[in-house]
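Numbering (our numbering), first residue to last: 12 to 147. Cβ atoms here follow ideal geometry from the backbone N, Cα and C, with glycine treated the same way.
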């Protein structure tokens, strides 16, 4: 959800979503969010797909969606929209490996993700989106 739709900056909505999730999942989502924003300070964040059955999903974009962050009962999942095309030399992707488009990182309680490798992956994912399309 954008600032225009709610009157609140998207970052505050995501802050609230992380607080609502709480526990190790909230801490993990907050840590990964910080790494995403460190990797690309020009990243845009939004809370999208809010409906009665869902409190919404944090989405990070730069010339297109880079990744989403979801908290499930046993895992925090970061799904990269163009992950199948994104170089992953550190082999962080460990979920959604069968598709032709997306890839994901599932983080279980107590697991740590290498910060340097993750930030490199975010930068590579941003590069997959390329520059903005030129207006005709």
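Beyond the five residues adjoining it in sequence on each side, residue 49 comes within less than 7 Å, by CB distance, of 130 in the same chain, given in chain order.
One alpha carbon belongs to residue 123, the other to residue 112, and they sit about 25 Å apart.
With a contact defined as Cβ atoms closer than 8 Å, residue 79 and residue 90 qualify at about 5 Å. Boundaries of the beta strand (DSSP E) harbouring residue 80: 76-82, taken from the DSSP string. DSSP lists no bridge partner for residue 97.
Residue 123 carries a coil assignment under DSSP once its states are collapsed to helix, strand and coil.
A Cβ-Cβ distance of about 5 Å is found for the pair residue 136 and residue 77, placing them in contact under the 8 Å criterion.
About 15 Å separates the beta carbons of residue 46 and residue 99, which is beyond the 8 Å limit, so they are not a contact pair. Counting the other Cβ atoms within 10 Å of the Cβ of residue 73 gives 16 or more, which makes it buried.
Between residue 62 and residue 68, the CB-CB gap reaches or exceeds 7 Å. Sequence-distant Cβ neighbours of residue 88 in its own chain, meaning closer than 6 Å and more than five residues away, are 81, 115, 117.
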